[in-house]
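Student:
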Amino acid sequence: MNGGDDAVVAPEEPLQPLEWKFSQVFGERAAGEEVQEVDIISAIEFDKSGDHLATGDRGGRVVLFERTDSKDHGSRKDLESTDYSNSRHPEFRYKTEFQSHEPEFDYLKSLEIEEKINKIKWCQTANGAVFLLSTNDKTIKFWKVQEKKVKKVSDMNIDPSKANGNGSIASSSNSCILKPHLANGGSSDKTYSYQSNDFSFPPGGLPSLRLPSVVASHETSLLARCRRVYAHAHDYHINSISNNSDGETFISADDLRINLWNLEISNQSFNIVDVKPANMEDLTEVITSAEFHPTHCNTLAYSSSKGSIRLVDLRQSALCDSHAKLFEEQEAPGSRSFFTEIIASISDIKFAREGRYILSRDYMSLKLWDINMDSGPVSTFRVHEYLRPKLCDLYENDSIFDKFECCLSGDGSRVSTGSYSNLFRVFGCAPGSTEATTLEASKNPMRRQVPTPSRPSRSIGNSITRVVRRGAENTGVDANGNSFDFTTKLLHLAWHPSENSIACAAANSLYMYYA
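Count along the sequence shown starting at 1, add 574, and that's the number in my numbering.
1. Below 7 Å CB to CB, which residues in the same chain sit around Gly950 once its five sequence neighbours on both sides are set aside?
2. What is the C-beta distance between Ser939 and Ser863, in whole angstroms, given that I count them as a contact (C-beta under 8 Å)?
3. By how many angstroms is the C-alpha of Leu1065 removed from the C-alpha of Asp967?
4. In whole angstroms, what separates the C-alpha of Ile945 from that of Arg884?
5. How long is the line joining the alpha carbons of Lys924 and Pro588, rounded to whole angstroms?
6. Would you kindly report the start and end of the unbroken alpha helix (DSSP H) that includes Glu970?
7. Sort Cys894, Lys880 and Ser879 by Cα distance to Val886 and report the nearest one.
8. Can you give the beta carbon distance from Lys715 to Val599, rounded, assuming they're within the 8 Å contact cut?
9. Would you identify the three-state DSSP class for Ser877, choosing helix, strand or coil?
10. Compute the Euclidean distance between the alpha carbons of Thr869 and Lys693, then round it to the nearest angstrom.
11. Cutting at 7 Å between CB atoms, please list the residues of its own chain near Pro851, excluding the five before and the five after it.
12. Mapping DSSP to helix, strand and coil, what is Tyr810?
13. Tell me whether Glu1073 sits in a helix, a strand or coil according to DSSP, three-state version.
14. Please return the same chain residues whose Cβ sits closer than 7 Å to the Cβ of Asn817, not counting the five positions on each side in sequence.
15. Please list the segments of the alpha helix (DSSP H) lying wholly inside the segment 939–1027, counting only runs of 4 or more residues, in order along the chain.
16. Give the straight-line distance between the Cα atoms of Cys1078 and Phe620, rounded to the nearest whole angstrom.
17. Is it true that the CB of Arg641 sits closer than 8 Å to the CB of Phe666?
18. Which first and last residues belong to the beta strand (DSSP E) in which Glu611 is found?
19. In angstroms with no decimal places, state the Cα-to-Cα distance between Glu928 and Arg962.
20. Thinking just about the alpha-carbon of each residue, which of Ala926, Gly1002 and Pro1019 is nearest to the one in Pro1071?
21. If we call anything under 8 Å between Cβ atoms a contact, is Ser791 one with Val724?
22. What separation, rounded to the nearest whole angstrom, lies between the Cα atoms of Ser747 and Leu785?
23. Buried or exposed for Thr914, going by 16 or more other Cβ atoms inside 10 Å?
24. Around the C-beta of Arg999, are 16 or more other C-beta atoms found within 10 angstroms, so that it is buried, or is it exposed?
25. According to the Cβ coordinates, are Asn833 and Ile846 closer than 8 Å?
26. Less than 8 Å between the beta carbons of Asn1095 and Ala1010, yes or no?
27. Going by DSSP in three states, Asn1082 sits in which element: helix, strand or coil?
28. What does the Cβ neighbour count give for Val789, buried or exposed, with the cut at 16 atoms within 10 Å?
29. Can you list, in chain order, the residues of its chain whose CB lies under 6 Å from that of Leu888, leaving out five sequence neighbours each side?
30. Going by DSSP, what residue range makes up the alpha helix (DSSP H) through Ile917?
31. Less than 8 Å between the C-beta atoms of Ile618 and Arg632, yes or no?
32. Can you list, in chain order, the residues of its chain whose CB lies under 8 Å from that of Leu900, leaving out five sequence neighbours each side?
33. Report all residues from its chain with a CB closer than 6 Å to the CB of Arg935; omit the five preceding and five following residues, and keep chain order.
34. Report the three-state DSSP secondary structure of Asp621 (helix, strand or coil).
35. So the candidates are His897, Ala1004 and Asp972; which of them puts its Cα closest to the Cα of Leu942?
36. Using three-state DSSP, classify Ser762 as helix, strand or coil.
Structure representation (structure tokens):
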């Protein structure tokens, strides 16, 4: 990477392309099975350790998964002594799920607020409990999920030694109507009648009343509790939430504003970015995504619908109207068309783990930016160049407004994003890498593999363009001659923070792959 000395990865030799293998699928559809709208996955997020994974869906539910294979092999020292390989098949299991959001109605604006989960972010764990933030279009919620021991009633009210028959009140077939009682269980009326002979009071009543005792059993159940609700702070739809590295604050962004919250305070937030003009007719761009720097608590970045990224320093002023840095790529002369601004809109940005690089996704490409170099991206990766001749059709069916997410590997050497026909791409961004893999969200991910160019190329972007242009001659097929389907789109995916493992959503199915 030609951005400075501390590049993301600087191997002596180019990294070899990874061979991806199918790991697991949750919610797999049977052939011909119709997908319910509420079951479609709308958010995916690994926690920092990579041992937990959360998904959100359009029905407002959050589903948690936990890794099982890493827990079965003891400590790291034990693994090293037994020559344990980190390439072991990663395995997750379903942990729990809960209803995070419900459909609402804004009576003041006559607006329906759907329950769809837009984003999920993991927070710091404490005392064996996990915490996460989830948001729909208007309301953010802070959840605590922890194991609780199941409590059971251990003793009955009545001493079973005093009972007749089988000595169990629970087996009595008829309930009795109790009369006024005297002390110690005696009664002023002795005309009791029981149709069942399983139990009878001893003469003179009971000497004492024994209350049931509740004891904790060895069984545990997971309990999700909503600790706080952060509401009524956004006039427009929330598109992003991001935790700060200080562990105390987070931001939420909508089309025109970014608010700063404290996790402990739900009734107050600070507006730190406001791009709303005095006259809405003068509005030229909106905020599309925002994220905190992974290590600098005073720095955040947000992207816009014009294809620019602004870096903001919270130390400069309370309202960050002026940015510290602006990243945008100048368009080539004579290349402007009706679709230029639409496809330039950035749908997602992600910081690399160490914070030196920012990955952005617009409609046609991925771009990698060095925060120390604002003249242009250091790398550009063409995702589905074969769709360029079809932009008019994509505009007609609104597919051109689809918002694809992007992600980076933990070491920063590779990037990934989704496409149509349930495909996703993995690109190598290390110096000299020509890796450009196309995978399908299915049990056979490599069956739609784009062949790697035999000749090494000077630029990753050029090599990818050369490969995919083979399919551009016939606008009904992709780079491999496969027909593409605009209705099946892979919008959401996440890369494991420390391993080469990717989780991606194809409609209601969660697919997991490893390399």
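Each residue gets a CB set at the ideal place from its N, CA and C atoms; glycine is no exception.
Everything numeric in this text was worked out from a predicted model, so none of it was measured.
Tutor: A quick look at the data gives this:
1. Glu903
2. That pair is no contact at about 16 Å.
3. 19 Å
4. 10 Å
5. 24 Å
6. Leu965 to Glu970
7. Cys894
8. About 28 Å separates the two Cβ atoms, so there is no contact after all.
9. strand
10. 21 Å
11. Leu857
12. coil
13. coil
14. Lys695, Cys697, Phe824 and Phe866
15. 965–970
16. 11 Å
17. yes
18. Looking at the DSSP string, Glu611 is not in any beta strand (DSSP E), and its letter there is neither H nor E.
19. 34 Å
20. Ala926
21. yes
22. Since pLDDT at Ser747 reaches only 41, below the 50 mark, its modelled position is unreliable, and no value is offered.
23. exposed
24. buried
25. yes
26. Since the displayed the chain opens at 575 and closes at 1089, residue 1095 lies outside it and no answer follows.
27. coil
28. exposed
29. Asn872
30. Thr914 to Ala918
31. no
32. Ser882, Ile883, Arg884, Leu885 and Asp948
33. Ser921, Asp922, Phe978, Cys980 and Thr991
34. coil
35. Ala1004
36. The predicted position of Ser762 is uncertain, since its pLDDT is 48 and thus under 50; no value can be drawn from it.
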